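**Student:**
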Amino acid sequence: MAPGDLAPDFELDDVNGNRIRLSTFREYGTVVLYFLRGFM
């Protein structure tokens, strides 16, 4: 992906086990995704 590209839609479980979909948040405007490689 390049800056400005739309991310593909995907689903993940939240901390409560509920399924959430990226497209749900697109109606709010810009979405920033931040992925950590690991925890210390």
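Following the working numbering, the numbering of the sequence shown begins with 1150 at its first residue and continues without gaps.
Cβ coordinates follow ideal geometry from the N, Cα and C atoms, glycine included.
Keep in mind that this is a model prediction, so the values were computed, not measured.
Do I1169 and L1161 have their C-beta atoms within less than 8 Å of each other?
**Tutor:** Taking C-beta atoms as the reference points, I1169 and L1161 count as a pair closer than 8 Å.
**Student:** Could you pull the DSSP bridge partners for R1168 from this structure?
**Tutor:** D1162
**Student:** Relative to the C-alpha of F1159, which residue among T1173, F1184, P1152, N1165 is closest?
**Tutor:** T1173
**Student:** Can you tell me the Cα-Cα spacing of Y1177 and L1155, whole angstroms?
**Tutor:** 14 Å
**Student:** Closest by CA to M1175, which one among G1166, P1157, N1167?
**Tutor:** First, the amino acid is wrong: residue 1175 is Arg here, not Met. Cα-wise, what sits closest to R1175 is P1157.
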